[in-house]
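**Q**
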Amino acid sequence: MLALVVLAVLSGSAGVALGWFQKTAAIMRSNDEVTVRDVEADLSRSTSGKPVNILLIGSDRRKGAEADKGRSDTMILVRLDPGTGCMSMLSVPRDLYVTIPGYGQDRVNVAYTVGGPKLTVQMFKELTGLPIHHFMDVNFIGFANIVDYLGGVYIDVDRRYYNPPGTGWAAIDLQPGYQKLTGRQALSFVRFRHDERGDFNRMIRQQVFLHEVERQIKRWQNITKMPAVFKAIARNTISDMSSVGTLLDLANTLLDLNTSRVYQAHLEASTGMVNGMSVIQASPEEIKRAVDDFLDPRQAPMRAQADKIPRNGFTVRVLNGGGSSGLADTVAAQLRDAGYTAVVAGNADSFTYTKSVVYASKGLKKWAQNVAQSVRPATVRQVPRLPGTLPGITVVVGNQFTGVPEDGGRTSNNTLAVQSQILRNTRQDEARWQQLASSTRLKVMMPTVWSTGMAYETVTGYDPTYRNFRSYKIKTSDGQRTAVCVVGKTASGGYWHIQETSWMEPPILSDPNDVRTIKGREYMLFYQNDRLHRVAFKANGCLYWVTNTLRDELSDELMLALATSLQPVL
10 MLALVVLAVL
20 SGSAGVALGW
30 FQKTAAIMRS
40 NDEVTVRDVE
50 ADLSRSTSGK
60 PVNILLIGSD
70 RRKGAEADKG
80 RSDTMILVRL
90 DPGTGCMSML
100 SVPRDLYVTI
110 PGYGQDRVNV
120 AYTVGGPKLT
130 VQMFKELTGL
140 PIHHFMDVNF
150 IGFANIVDYL
160 GGVYIDVDRR
170 YYNPPGTGWA
180 AIDLQPGYQK
190 LTGRQALSFV
200 RFRHDERGDF
210 NRMIRQQVFL
220 HEVERQIKRW
230 QNITKMPAVF
240 KAIARNTISD
250 MSSVGTLLDL
260 ANTLLDLNTS
270 RVYQAHLEAS
280 TGMVNGMSVI
290 QASPEEIKRA
300 VDDFLDPRQA
310 PMRAQADKIP
320 RNGFTVRVLN
330 GGGSSGLADT
340 VAAQLRDAGY
350 TAVVAGNADS
360 FTYTKSVVYA
370 SKGLKKWAQN
380 VAQSVRPATV
390 RQVPRLPGTL
400 PGITVVVGNQ
410 FTGVPEDGGR
420 TSNNTLAVQS
430 QILRNTRQDE
440 ARWQQLASST
450 RLKVMMPTVW
460 STGMAYETVT
470 GYDPTYRNFR
480 SYKIKTSDGQ
490 RTAVCVVGKT
500 ASGGYWHIQE
510 TSWMEPPILS
520 DPNDVRTIKG
530 REYMLFYQND
540 RLHRVAFKAN
550 GCLYWVTNTL
560 RDELSDELML
570 ALATSLQPVL
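Residue numbers for the sequence shown, in my numbering: 10 to 579.
#1: Please classify Arg168 as buried or exposed, where buried requires at least 16 neighbouring CB atoms within 10 angstroms.
#2: Could you give the distance in angstroms between the alpha-carbon of Ala313 and the alpha-carbon of Asn379?
#3: Going residue by residue through the stretch 156-238, where are the continuous alpha helix (DSSP H) segments of at least 4 residues, counting only ones entirely within it?
#4: Could you tell me which of Gly331, Lys127, Arg345, Gln114 sits nearest to Asp358, measuring between CA atoms?
#5: Heavy atom of the ligand FMN less than 7 Å from the Cβ of Arg433, yes or no?
#6: Return yes when the Cβ of Asn62 is within less than 8 Å of the Cβ of Ile141, no when it is not.
#7: Using C-beta distances below 8 Å, list every residue in its chain close to Val3, excluding the 5 sequence neighbours before and after it, in chain order.
#8: Alpha carbon to alpha carbon, how far is Asp204 from Lys498? Give it in angstroms, no decimals.
#9: Ala179: buried (16+ other C-beta within 10 angstroms of its C-beta) or exposed?
#10: Work out the CA separation of Leu196 and Phe152 for me, nearest whole Å.
#11: Could you tell me the alpha carbon to alpha carbon distance between Val119 and Met84, rounded to whole angstroms?
#12: Comparing C-alpha positions only, which one of Met463, Gly138, Glu514, Val147 sits nearest to Asp301?
#13: Helix, strand or coil, according to DSSP, for Ser429 in the structure here?
#14: Report the residue from Gln194, Lys127, Lys189, Ala387 whose alpha carbon sits nearest the alpha carbon of Lys364.
#15: Relative to the C-alpha of Val327, which candidate in Val288, Glu294, Asp305, Ser383 has its C-alpha closest?
#16: Are Gln409 and Gly186 touching if we call contact CB-CB under 8 Å?
#17: Using DSSP's beta-bridge definition, name the partner residues of Asn356.
#18: On a Cα-Cα basis, can you pick out the residue from Thr556, Val325, Ala500 that is closest to Arg345?
#19: Using CA coordinates, which residue listed in Gly462, Asp182, Leu451, His220 is at the minimum distance from Leu432?
#20: Roughly how far, in whole angstroms, is the beta-carbon of Met132 from the beta-carbon of Val117, given that I think they are within contact range, below 8 Å?
#21: Quick check: the Cα distance between Gln536 and Ala337, rounded to an integer number of angstroms?
#22: Run through DSSP, which three-state label would Glu466 get?
#23: Could you tell me which of Gly281, Val156, Pro319, Pro293 sits nearest to Ala241, measuring between CA atoms?
#24: Among the candidates Ile164, Glu514, Ser68, Thr33, whose CA atom is the shortest distance from the CA of Asp249?
#25: Can you look up Arg345 in the DSSP assignment and give me helix, strand or coil?
#26: With distances taken between CB atoms, is the gap from Asp104 to Val366 smaller than 8 Å?
#27: Which of the three DSSP states, helix, strand or coil, is assigned to Ile150?
#28: Taking the CB atoms as reference points, tell me whether Pro306 and Ser97 lie closer together than 8 Å.
#29: Roughly how many angstroms separate the alpha carbons of Asp47 and Ser68, rounded to a whole number?
#30: Rounding to the nearest angstrom, what Cα-Cα distance links Lys547 and Asn356 in this structure?
#31: Just how far apart, CA to CA, sit Ala351 and Val405?
#32: Would the beta-carbon of Leu89 fall within 8 Å of that of Thr262?
#33: Are the beta-carbon atoms of Gln225 and Pro516 separated by less than 8 Å?
#34: Could you tell me if Asp565 is buried or exposed, where buried requires 16 or more neighbouring beta carbons within 10 angstroms of its beta carbon?
#35: Please name the residue in Ala500, Ser486, Gly488 whose C-alpha comes closest to that of Glu466.
#36: Pull up the distance between the alpha-carbon of His542 and that of Leu534, whole angstroms please.
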């Protein structure tokens with residue numbers, strides 16, 4: 010994905026870049042022509058204007074005298090949908106126990122070791138039931154080189170990551186807070202797995218990294234390093250995408266993406282033992298939930314139209330497009346229970362609808378997206394309003410609909426202990442905040458709400474360099490900017506943090522999902538799928554934000570309460 014995003018942006022540069030683009034596309038295929046031809050037999054043909062599924066593989070394969078088949082610990086299926094302008098990512102843990110075609114049952118990463126990209130594609134198709142249109146296999150050295158040639162990538166590091174050399178684990182040494190990572194640091198960050206949740210958290214970190222690359226790459230304009238970037242991609246990537254036309258189509262889709270519409274899906278399940286191996290075992294239902302979230306991602310709640318048109322201020326017409334008796338009556342009743350003015354409008358033009366379709370007239374599209382979350386899987390289409398008619402929404406219910414969930418279709422796909430209790434007028438660990446404020450010229454602010462079981466992260470004896478109330482500098486193209494970062498933990502062990510800086514326009518805060526004014530202050534809201542992940546605002550000539558845990562363990566209400574409660578340290 011890193012390679013594809015970079016190629017997307019550079020393809021739109023000066024005409025001289027097109028020659029490098031063509032050469033890179035050809036080399037990616039010629040790096041292993043035999044493998045590419047073998048894999049192509051298992052790939053589906055993509056159609057212009059339709060969603061495209063690309064399997065991204067990160068491996069440690071080598072060429073030349075040290076050549077071997079290599080190993081892969083990163084597999085992400087990316088779906089680019091030019092129709093909706095959305096990008097979805099589906100990750101699976103490397104220890105997932107699966108059936109590998111023609112081989113038998115084993116961990117998912119064994120497919121690459123015994124059969125390379127071809128068997129990996131076959132395995133992923135069988136696991137998900139989805140077509141795969143293209144693949145890209147990037148080795149880890151290439152990943153690090155590309156990041157370095159780009160000048161680094163800014164990441165909001167959620168916690169202290171530290172494994173000193175000689176421990177038997179891959180070395181890593183990252184302090185918490187927003188910062189620019191080098192290629193080696195970025196590789197350590199996305200491959201780290203030695204915490205309580207192992208592969209599950211690593212999958213999320215990998216998706217977070219790719220999302221931030223997609224945000225930042227459009228700002229990158231160092232033309233002088235363009236040839237080096239192309240060479241790094243070409244030397245370290247194997248792909249079937251040797252056609253410049255194919256790459257340009259995908260590049261244009263990526264460039265048109267709104268970065269607030271990048272969604273994440275993860276396959277999470279239980280850990281067990283098989284033949285003396287520790288593996289992750291997923292049920293068919295767990296796999297299906299992850300695939301459904303990938304195809305029909307849970308989106309940030311839409312609220313802008315609610316200020317203009319109330320939920321019951323329009324009519325929702327419900328038609329049966331799936332054929333089941335009483336389907337429209339059931340959906341209409343459940344939508345009425347949710348507060349909508351819903352009426353049954355009979356049968357649709359046919360009973361061949363699989364996914365539901367929600368049609369909305371102008372001005373109601375955001376309400377339609379809320380309705381679509383209640384009749385998932387569904388697509389939203391805007392239609393012109395006929396003269397003399399009232400605005401409204403029409404729902405054609407498809408045969409994949411299984412019922413409006415009690416939470417309106419926004420239940421997380423994983424069991425998650427959400428922390429929501431709010432204790433107000435609490436200045437937790439104020440003395441440490443005061444010490445932090447005295448060490449910097451920033452106008453430091455601290456939260457005045459708290460939640461039972463939360464605590465600020467503590468310094469550990471094995472890592473004397475860690476400062477849990479951290480004051481530091483962020484390197485930017487315009488010099489260094491002052492920053493502080495304070496890390497907290499939830500009752501279940503997740504890490505959340507507060508970031509404050511004099512850098513007023515960091516790339517991480519581009520494309521907010523929503524902007525809300527509360528008590529005269531404007532807050533930028535960023536969602537991870539349907540969960541509030543980050544809240545930011547500007548005040549005192551500084552920028553402040555609160556970031557949720559990797560799994561978004563803090564409720565939306567608690568996230569907003571923390572951010573809106575920030576007050577100057579006394």
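Think of the CB as a built atom: it goes at the ideal place given N, C-alpha and C, for glycine as much as any other residue.
**A** Looking at the coordinates:
#1: The residue labelled residue 168 in the question sits at position 159 within the sequence shown. Counting other Cβ atoms within 10 Å of its Cβ, Arg168 reaches 16 or more and is therefore classed as buried.
#2: Position 304 of the sequence shown holds residue 313. Position 370 of the sequence shown holds residue 379. Confidence is the limiting factor: at Ala313 the pLDDT is only 44, short of 50, which leaves the residue's position unreliable, though a coordinate-based value still follows. Going by the C-alpha atoms only, they are around 12 Å apart.
#3: DSSP runs (the alpha helix (DSSP H)) wholly in the stretch 156-238: 192-200, 207-225.
#4: By one-based count along the sequence shown, residue 358 stands at place 349. The closest CA to that of Asp358, considering only Gly331, Lys127, Arg345, Gln114, is found on Gly331.
#5: As for the ligand FMN, it is missing from this structure, which has no ligand bound.
#6: Position 132 of the sequence shown, counting from 1, holds the residue named residue 141. Position 53 of the sequence shown, counting from 1, holds the residue named residue 62. Yes, Cβ-Cβ distance for Ile141 and Asn62 is below 8 Å.
#7: Shown here, the chain extends from 10 to 579; a query on residue 3 therefore has no answer.
#8: Here residue 498 corresponds to residue number 489 of the sequence shown, with the count starting at 1. Here residue 204 corresponds to residue number 195 of the sequence shown, with the count starting at 1. Straight-line spacing of the CA atoms in Lys498 and Asp204 works out to 14 Å.
#9: For the purposes of this step, residue 179 is taken as the residue at position 170 of the sequence shown. Its Cβ having fewer than 16 others within 10 Å, Ala179 is exposed.
#10: For the purposes of this step, residue 152 is taken as residue 143 along the sequence shown, with counting starting at 1. For the purposes of this step, residue 196 is taken as residue 187 along the sequence shown, with counting starting at 1. Going from the Cα of Phe152 to the Cα of Leu196 covers about 7 Å.
#11: Numbered from its first residue, the sequence shown carries residue 119 at position 110. Numbered from its first residue, the sequence shown carries residue 84 at position 75. For Val119 and Met84, the distance between alpha carbons rounds to 12 Å.
#12: Here the question's residue 301 lines up with position 292 in the sequence shown. Relative to Asp301, the option among Met463, Gly138, Glu514, Val147 whose CA is nearest is Gly138.
#13: For this step, residue 429 is matched to residue 420 along the sequence shown. In the structure shown, Ser429 adopts coil according to DSSP, grouped into three states.
#14: Mapped onto the sequence shown, residue 364 falls at position 355. Of the candidates Gln194, Lys127, Lys189, Ala387, Ala387 places its Cα closest to the Cα of Lys364.
#15: On the sequence shown, residue 327 is found 318 positions in, with the first residue counted as 1. Minimum Cα distance to Val327 is reached at Ser383.
#16: Walking along the sequence shown from the start, residue 409 turns up at place 400. Walking along the sequence shown from the start, residue 186 turns up at place 177. By the CB criterion at 8 Å, Gln409 and Gly186 fall outside the cutoff.
#17: To locate residue 356, count along the sequence shown from 1; it is residue 347. Answer by DSSP bridge pairing, in chain order: Asn329.
#18: For the purposes of this step, residue 345 is taken as residue 336 along the sequence shown, with counting starting at 1. The candidate whose alpha carbon is nearest that of Arg345 is Val325.
#19: Here residue 432 is taken as the residue at index 423 of the sequence shown, counted from 1. Checked all of Gly462, Asp182, Leu451, His220; the closest Cα to Leu432 is Gly462.
#20: As a working note, residue 132 is residue 123 in the sequence shown. As a working note, residue 117 is residue 108 in the sequence shown. About 7 Å separates the two Cβ atoms, so the contact holds.
#21: Here the question's residue 536 lines up with position 527 in the sequence shown. Here the question's residue 337 lines up with position 328 in the sequence shown. At residue 536 the sequence reads Tyr, which differs from the Gln that was named. So the alpha carbons of these two residues sit roughly 32 Å apart.
#22: Here the question's residue 466 lines up with position 457 in the sequence shown. DSSP places Glu466 in coil when its eight states are reduced to three.
#23: Sequence index remark: in the sequence shown, residue 241 carries index 232 (1-based). Of the residues Gly281, Val156, Pro319, Pro293, the one whose Cα lies closest to the Cα of Ala241 is Val156.
#24: By one-based count along the sequence shown, residue 249 stands at place 240. Ranked by Cα distance from Asp249, the options Ile164, Glu514, Ser68, Thr33 are led by Thr33.
#25: Reading the sequence shown from its first residue, position 336 is the one you call residue 345. Helix.
#26: Indexing the sequence shown from 1 puts residue 104 at position 95. Indexing the sequence shown from 1 puts residue 366 at position 357. Contact flag unset, no.
#27: For the purposes of this step, residue 150 is taken as the residue at position 141 of the sequence shown. If DSSP states are grouped into helix, strand and coil, Ile150 belongs with the helices.
#28: The residue you call residue 306 lines up with position 297 of the sequence shown. The residue you call residue 97 lines up with position 88 of the sequence shown. Their beta carbons are under 8 Å apart, which means Pro306 touches Ser97 by this criterion.
#29: As a working note, residue 47 is residue 38 in the sequence shown. As a working note, residue 68 is residue 59 in the sequence shown. Cα to Cα, Asp47 sits roughly 18 Å from Ser68.
#30: Position 538 of the sequence shown, counted from the first residue, corresponds to residue 547. Position 347 of the sequence shown, counted from the first residue, corresponds to residue 356. If I take the Cα positions, the gap works out to 52 Å.
#31: Numbered from 1 along the sequence shown, position 342 holds the residue referred to as residue 351. Numbered from 1 along the sequence shown, position 396 holds the residue referred to as residue 405. Each residue's alpha carbon lies about 13 Å from the other.
#32: Along the sequence shown, one-based indexing puts residue 89 at 80. Along the sequence shown, one-based indexing puts residue 262 at 253. Going by C-beta atoms, Leu89 is nearer than 8 Å to Thr262.
#33: Within the sequence shown, numbered from 1, the residue matching residue 225 stands at position 216. Within the sequence shown, numbered from 1, the residue matching residue 516 stands at position 507. In contact: Gln225 and Pro516 (Cβ atoms closer than 8 Å).
#34: Within the sequence shown, numbered from 1, the residue matching residue 565 stands at position 556. With 16 or more other Cβ atoms inside 10 Å of its own Cβ, Asp565 counts as buried.
#35: To locate residue 466, count along the sequence shown from 1; it is residue 457. When each option's Cα is compared against that of Glu466, the closest is Ala500.
#36: By one-based count along the sequence shown, residue 542 stands at place 533. By one-based count along the sequence shown, residue 534 stands at place 525. Straight-line spacing of the CA atoms in His542 and Leu534 works out to 8 Å.
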